[in-house]
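Chemist: Each residue of the sequence shown is one higher than the one before, starting from 1 at the first, in the numbering used here. Every residue, glycine too, gets a C-beta built ideally from N, C-alpha and C. Source: prediction; values computed, not measured.
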Amino acid sequence: MRILGIDPGSSRIGFGLIEKRRGSLSLVEVGVIEIPKGSASAKLLGLGTEFKKMLARTKPDMIGIEKIFFSKNAKTAIGVAEARGLIAYCSLEYLGRNGSASAIRELVECTPQEAKVAVTNWGGADKKAVARMVSLILKAGPLALLDDATDALAIAICAANRNYLDSS
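Here it is as structure tokens:
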């Protein structure tokens, strides 16, 4: 089973694709989608186009997306919420189109704290601890990644741990 983790943001989206086979997790692909500059509409249109291309290329069976946490900066929070909404819609559309028995069940939402617990066993872990544990869990060696990408892998691991669709 291929599980895609998504860390939505206002300027870039982290993504991490892992594979779950017989209870073992491995890294398949990781990166970021840069959101183009411009009007809000142009940003969303560009993000939607790039996200759909990434879905077609990676072919996930399940998608985990980070829930939005409270932000003191309302402008940033609105941008992240808009991007997250678009990503959730595109994900549900993709899962439904590709034979999903229940796309809603296969879109897993995780809070930042749940993702941290899934990889470090502590919801207050810092970014370095998350990155270190992600690389250990995926047996990928040290990963020199942007926080967005590392967080996306943690979301994918969290979704894989909640995976009740595939017991392998």
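Three-state secondary structure (DSSP) at S11?
Modeler: Numbered from 1 along the sequence shown, position 11 holds the residue referred to as residue 11. Looking at S11 - three-state DSSP - the assignment turns out to be coil, as it is neither helix nor strand.
Chemist: Grouping DSSP H, G and I as helix and E and B as strand, with all else coil, what is R57?
Modeler: For the purposes of this step, residue 57 is taken as residue 57 along the sequence shown, with counting starting at 1. Helix, per DSSP.
Chemist: So, do the segment 13–25 and the segment 50–66 have three or more beta carbon pairs nearer to each other than 8 Å?
Modeler: yes
Chemist: Give me the DSSP bridge partner(s) of M62.
Modeler: Numbered from its first residue, the sequence shown carries residue 62 at position 62. DSSP output for M62 lists I3 as bridge partner(s).
Chemist: Within a Cβ cutoff of 6 Å, which residues of the same chain sit near A129, ignoring the five residues on either side of it in sequence?
Modeler: As a position in the sequence shown, residue 129 is number 129, starting the count at 1. Same-chain partners within the cutoff: T120.
Chemist: Secondary structure at L153, three-state DSSP: helix, strand or coil?
Modeler: In the sequence shown, the residue the question calls residue 153 occupies position 153. The answer is helix: DSSP assigns L153 an H, G or I state.
Chemist: Could you name the residues of the same chain whose beta carbon sits closer than 7 Å to that of K67, not counting the 5 residues immediately before and after it, in chain order?
Modeler: Taking the first residue of the sequence shown as 1, we reach residue 67 at position 67. Hits under 7 Å: E109, C110, T111.
Chemist: Tell me, please, whether the segment 86–93 touches the segment 133–142 by the rule of three or more beta-carbon pairs shorter than 8 Å.
Modeler: no
Chemist: How long is the line joining the alpha carbons of V28 and G9, rounded to whole angstroms?
Modeler: Taking the first residue of the sequence shown as position 1, residue 28 is located at position 28. Taking the first residue of the sequence shown as position 1, residue 9 is located at position 9. Roughly 22 Å between the two C-alpha positions.
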